[in-house]
Each structure stands twice: as C-alpha cells, then as structure tokens.
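Quick note on my numbering: the sequence shown kicks off at 7 and runs consecutively. Worksheet: the structure to be examined is printed underneath.
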Amino acid sequence: MMIIFVLVDRAQSKLTYELDKKVFRITKKSLFGTQVHEIPYKDVFGIYDYVPKLVGAVKFRHTYRLHSALDGRKVWTLAYRFMKKGKTENRKVFFKASEELLNGLNQRLPNKVRISEEEAVRNIILNEKD
7 MMIIFVLVDR
17 AQSKLTYELD
27 KKVFRITKKS
37 LFGTQVHEIP
47 YKDVFGIYDY
57 VPKLVGAVKF
67 RHTYRLHSAL
77 DGRKVWTLAY
87 RFMKKGKTEN
97 RKVFFKASEE
107 LLNGLNQRLP
117 NKVRISEEEA
127 VRNIILNEKD
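Quick look at the structure:
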C-alpha cells in the first residue's frame, strides 16, 4: 500500500523552481501537503548529471527526489551543505530542469553548473578541510 502512495506522490506532485536573490527555492505540492526547500547559493557545491551508483566517494546525509516521474527531462543532482544544530551535513537534491533554469543557476553559480561529479566531490572535500 505504501508503494502506491509513493508512486502517486512522485507522479502527481507539482514542483515549482524559483531563483531568488540568495536562494534556490523548490516548492513541492502533493496530496500530502506542501514542502519548501530553500538552498542558499553560497552553500552549493555543484550541479551535475545524475548517475545511479551504489556507493559514492562522499556521504550525503539526506537525498531529496524533487522531480516528477512523468517529466521526460534529464535528472540533475544538486549537492550542497546544510547546517543543522551546529553540525554541517552534505545533502543532495535530484531535480529536472529546463535550459532556462540551468542558465539562470549558472549566472548565480558560475563554474558550479553542469560540472562533473568529480568536480563537485572535490569541492565538498576541500570544504570539509576548512
């Protein structure tokens, strides 16, 4: 029964992507309510092609699938840092974007959009050393 709810949620949810002055905002409206994710541009490590993997080089504490299963566009991964109770967590969001959205993100995040996963991992590792 739970699988049916998950499938309906993934297929029927309405997602809105907004480029604000300081944050990338993703709003998800579904049968189960509304979720808003705000990701400050300063905390983004990179945006790269989604490639399924069993194990990655970096541990992500949370992964959010914020795209419709019915959307035929390419899936992108946004890796970012999140502060929670004084601790830093690595998180990632899977989303589907138009060229217009990616170009807008590229203006706000120069050299961090459409990069390789290896570049994003390097950015994460360099950030952890600071």
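From the three backbone atoms N, C-alpha and C, an ideal C-beta is built for every residue, glycine too.
### Message
Taking the alpha-carbon of V81 as reference, which of G92, K91, K135, P58 has the nearest alpha-carbon?
### Response
P58
#### Entry: Those residues which DSSP pairs with I53 across a bridge
L84, V119
### Query
For the 8 Å Cβ check, are there 3 or more pairs between the segment 91–98 and the segment 21–37?
no
### Message
Please classify G62 as buried or exposed, where buried requires at least 16 other C-beta atoms within 10 Å of its C-beta.
### Response
exposed
### Query
With 16 other CB atoms within 10 Å as the buried threshold, where does V50 fall?
buried
### Message
Tell me the DSSP secondary structure of G39 in three-state form.
### Response
strand
### Proximity of S104 and L21 at Cβ, strictly below 8 Å
no
### Message
DSSP three-state label for L25, please.
### Response
strand
### Task
Please report the residue range of the alpha helix (DSSP H) in which R114 lies.
105–114
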